[in-house]
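Below is one structure; the comments refer to it alone.
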Amino acid sequence: MRKQLCDALMLRAPNPNTVCLTGDLGFMALEPLQNAMGPRFINAGVAEQNMVSVAAGLARHQFEVWLYSIAPFCYARPFEQIRNDVAFHHLPVKLIGNGGGYAYGVMGPTHHAIEDYGVLLCLPNMRVFVPAFDEDVGESIARAATLETPSYTRLGRGEPPPGYTVPTYAPWRQLAHGSGGVLIVVGPLVGTYLEAILPLADQQRPNLWVISELPLSANPMPPALISQIVEATRLHVAEEHVAQGGFASALLLYLAQHGIRVPEFHYLHARAHHFKRYGSQRFLREQSMLDAPALLALLQKK
Numbered sequence: 000m001r002k003q004l005c006d007a008l009m010l011r012a013p014n015p016n017t018v019c020l021t022g023d024l025g026f027m028a029l030e031p032l033q034n035a036m037g038p039r040f041i042n043a044g045v046a047e048q049n050m051v052s053v054a055a056g057l058a059r060h061q062f063e064v065w066l067y068s069i070a071p072f073c074y075a076r077p078f079e080q081i082r083n084d085v086a087f088h089h090l091p092v093k094l095i096g097n098g099g100g101y102a103y104g105v106m107g108p109t110h111h112a113i114e115d116y117g118v119l120l121c122l123p124n125m126r127v128f129v130p131a132f133d134e135d136v137g138e139s140i141a142r143a144a145t146l147e148t149p150s151y152t153r154l155g156r157g158e159p160p161p162g163y164t165v166p167t168y169a170p171w172r173q174l175a176h177g178s179g180g181v182l183i184v185v186g187p188l189v190g191t192y193l194e195a196i197l198p199l200a201d202q203q204r205p206n207l208w209v210i211s212e213l214p215l216s217a218n219p220m221p222p223a224l225i226s227q228i229v230e231a232t233r234l235h236v237a238e239e240h241v242a243q244g245g246f247a248s249a250l251l252l253y254l255a256q257h258g259i260r261v262p263e264f265h266y267l268h269a270r271a272h273h274f275k276r277y278g279s280q281r282f283l284r285e286q287s288m289l290d291a292p293a294l295l296a297l298l299q300k301k
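Numbering (numbering that gives the first Met the number 0), first residue to last: 0 to 301.
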């Protein structure tokens with residue numbers, strides 16, 4: 000999604016108040032943006048805490064500030080500065096973390112971003128964007144640009160099946176219809192499942208929804224989804240995030256608060272930071288039972 004990010008930010012580059020900061024990252028992707036913005040593209044070096052504080056100061060002076068880094072260096076290393084300098088002052092700094100979930104899997108637990116949006120949504124007025132497909136990035140950036148509050152965009156890798164036509168962006172989208180319960184997936188993980196789910200018979204295929212914006216209070220559940228949950232015998236949630244603080248917890252709380260009956264519930268999520276061996280994102284999804292075969296086994300379970 001880095002190319003799509005560059006394209007989206009290039010549309011904002013002519014605005015003299017737009018500033019982009021990077022923690023010595025973005026090579027082989029953001030050079031066009033750097034050339035277009037000149038001195039407004041700032042390489043802050045390997046100093047993420049300072050970069051966030053500088054971003055907060057720029058936002059305080061009415062600049063439109065975008066901050067880009069590898070996801071764990073975007074939210075984890077400078078968390079205190081995000082909390083104290085950005086969130087507590089309600090400043091619209093726009094954080095962008097590349098490589099959400101297990102995307103940097105071979106680099107080990109320090110590079111896993113599997114608690115990112117759960118941590119950040121604990122802060123006041125934070126909004127989160129998790130584009131599911133490459134085609135979603137432009138709209139995610141455009142929406143983040145309109146906010147007067149802090150935001151975090153988690154970039155991954157779009158994984159639609161070959162020949163799949165990505166539907167128009169929306170915070171909630173139904174990507175498949177069926178009689179096999181309801182499945183809600185956060186962000187690009189949904190691409191892992193589409194190819195496996197679409198050929199299923201109607202009675203096994205779930206109503207598949209993807210959510211790309213959090214928290215739920217900012218994007219209430221569509222009535223059609225609520226109706227499907229009420230009528231379903233099973234509800235599945237999948238996210239490349241640890242269980243604690245994840246979307247599933249927020250969803251179940253939302254359903255309880257609105258008096259919506261919860262059917263038999265199943266949850267696929269990131270199971271650990273540490274593994275005996277490290278490998279690709281695909282490998283670590285398999286270790287966490289987040290891959291398509293694990294989902295199919297769950298759907299076919301009596």
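Glycine residues also receive a C-beta, built at the ideal position from the N, C-alpha and C atoms. Note that this is a predicted model, so its numbers are computed, not measured.
According to the DSSP secondary-structure assignment, PHE72 is paired through a beta bridge with no residue. Beta-bridge analysis with DSSP links ARG233 to GLU263. For ILE140, no beta strand (DSSP E) segment is defined; the enclosing uninterrupted segment is the alpha helix (DSSP H) at 136–145. Put simply, of GLU30, ASP23 and ASN16 the residue whose alpha carbon is nearest the alpha carbon of LEU4 is GLU30.
Sorting VAL189, PHE87 and ILE95 by C-alpha distance to the C-alpha of CYS19 places ILE95 at the top. For ASN34, the enclosing alpha helix (DSSP H) covers residues 30–36. Straight across, the Cα-Cα distance linking LEU32 with ARG1 is about 11 Å. Here the alpha carbons of ALA247 and VAL236 stand approximately 6 Å from one another. PRO166 and LEU174 have their C-alpha atoms spaced approximately 8 Å apart.
By the 16-neighbour rule on beta-carbons within 10 angstroms, GLU263 is exposed.
The DSSP-derived three-state label of LEU207 is strand. By the criterion of at least three beta-carbon pairs nearer than 8 Å, the segment 114–127 is in contact with the segment 82–93.
Each residue's CA atom was taken as its position, placing MET36 and TYR67 some 15 Å apart. Annotation: the continuous alpha helix (DSSP H) that includes ASN49 extends over 47–59.
Secondary structure note for ILE196: its alpha helix (DSSP H) is the uninterrupted segment 189–196. Taking C-alpha positions only, ARG284 is separated from ASP290 by approximately 5 Å.
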